[in-house]
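Structure first, commentary second.
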Amino acid sequence: MRIKVLNTASLIIPTYNRPYDLENCLRSILSQTQRPEELIVVDDGNLESVPLWDELEHAGISCHYVRKDKPGLTESRNLGVSLATQDILFFLDDDVILENEYLAEIMKAYSNDPDNNVGGVGGAITNKPQLTFIRKARRMWNIPFLVCGFNEGKVLPSGFGTDFGTTPYPLMKTTEVDFLDGGVSSYRREIFNEFVFTDAYRKFGFGEDKDFSYRVSRKYRLLFTPKARLVHLESSTMRPDKRTWGRKFIIGRWLFFRDFLQKNSWSKMFFAWAVFGYLLDRTVIASLKLSKEEWRRVLGILDAINLLLRGKIEP
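Under our numbering, think of the first position of the sequence shown as 134, with each following residue one higher.
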């Protein structure tokens with residue numbers, strides 16, 4: 134008979150000048166059937182006060198607020214880790230709204246793992262775009278280019294991956310995966326004795342979430358549980374413009390490929406083929422939409438290719 138282990142939870146929420154989004158997030162924490170023991174809000178901005186602070190403390194949650202001078206999501210997460218005292222550390226974006234059972238379902242996955250083989254558990258974002266006919270057609274186009282695949286949560290030889298909620302066959306049960314989405318993830322506190330969030334992506338690319346979780350997955354099991362559900366509103370505040378997004382997305386994929394999947398010079402063909410397919414995909418979209426913003430994304434992709442060909446990305 135397996136013994137279920139009872140764990141405690143710390144929630145770490147980096148935030149930057151989004152008090153309304155943060156309030157909605159914190160309100161959903163108050164509605165949890167299993168509340169956390171600890172909440173840590175790391176502020177990169179100028180919050181006058183943390184919403185619902187008194188209510189959270191009255192609910193028995195030990196609350197900590199820290200404002201830091203050096204901006205950056207990676208630094209906020211690492212600072213939160215250094216302050217956390219509980220068994221399981223949750224990382225949430227400040228623009229998510231948790232369904233009532235979110236924490237309980239994540240904690241259940243850890244409780245069913247008495248040997249501590251599970252290093253991290255992630256939940257499901259429920260408001261992903263619907264898989265319309267156009268999206269299905271794009272997906273079928275992208276699969277041969279290794280931009281995406283058939284199995285959600287799996288890394289491809291190109292350095293790209295199949296994101297959760299993007300296939301006709303979403304994960305319907307708790308499943309072992311290669312990576313977790315950063316703002317809806319959790320990890321055992323002990324793994325931070327071996328791993329930290331890296332700032333290597335800060336200057337050039339996106340992808341530190343996938344980098345961190347994939348490193349963890351090579352030593353511990355990562356689980357995705359579809360019963361832990363939340364809404365990610367993706368606030369427009371502090372989002373990069375499309376050209377920056379396009380450039381950083383491609384360079385982020387390169388850094389990931391280089392660090393984990395590049396075996397020899399020939400293996401670079403997988404990455405180059407995926408970038409070629411992705412560029413064609415975004416160019417067709419920009420042409421059909423006649424969208425200035427989408428053309429800016431295409432320019433960002435070309436910027437990234439130019440930097441890579443010229444060897445301007447730091448090792």
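Note that beta-carbon positions come from the ideal geometry of N, C-alpha and C, so glycine has one too.
Practice problem: Quick one: residues in its chain with C-beta nearer than 7 Å to the C-beta of F393, no 5 flanking neighbours on either side, listed in chain order? | Solution: Y347
Quiz item: What are the boundary residues of the alpha helix (DSSP H) that includes E309?
Solution: Looking at the DSSP string, E309 is not in any alpha helix (DSSP H); the run it does join, the beta strand (DSSP E), is 308-310.
Quiz prompt | Chain-order list of residues whose beta-carbon lies under 8 Å from that of D436 (same chain, five-residue window excluded) | solution = R376, G379, R380
Quiz item: Sorted by chain position, which residues of the same chain lie with C-beta nearer than 6 Å to E285's C-beta, five sequence neighbours on each side aside?
Solution: T295, F297, T300, L304
Quiz item: Where does P152 fall in DSSP's three states?
Solution: helix
Self-check item: Which of helix, strand or coil DSSP assigns to F330
Solution: coil
Practice problem: Would you kindly check if the distance between the Cβ of G256 and the Cβ of I324 is under 7 Å? | Solution: no
Quiz item: Do L155 and P184 have their C-beta atoms within less than 7 Å of each other?
Solution: yes
Self-check item: In DSSP terms, what A192 is bridged to
Solution: A192 pairs with nothing; no bridge assigned.
Quiz item: Can you tell me whether E190 is buried or exposed, with buried defined as 16 or more other CB within 10 angstroms of its CB?
Solution: exposed
Quiz item: What is the DSSP secondary structure of R168, reduced to helix, strand or coil?
Solution: coil
Exercise. Go ahead and pull the three-state DSSP assignment for Y198.
Key: strand
Quiz prompt | Cβ-based burial, W387 [other Cβ within 10 Å; buried from 16] | solution = buried
Practice problem: Classify I384 as helix, strand or coil using the three-state DSSP reduction. | Solution: helix
Quiz prompt | The alpha helix (DSSP H) enclosing V417, as first and last residue numbers | solution = 401-422
Quiz item: Where does the unbroken alpha helix (DSSP H) through T207 begin, and where does it stop?
Solution: 206-216
Quiz item: Which of the three DSSP states, helix, strand or coil, is assigned to F293?
Solution: coil
Exercise. Keeping to the same chain, check which residues put their C-beta closer than 8 Å to that of I446; ignore five residues upstream and five downstream.
Key: F337, I384, W387, L388, L440
Quiz item: Enumerated in chain order, which unbroken segments of the alpha helix (DSSP H) with a length of 4 residues or greater are wholly contained in the segment 207-266?
Solution: 235-244
Quiz item: Under a three-way DSSP split, which group does P277 fall into?
Solution: helix
Quiz item: Nearest-angstrom Cα distance between R443 and S182?
Solution: 47 Å
Quiz item: CB A242 to CB T166, shorter than 7 Å?
Solution: no
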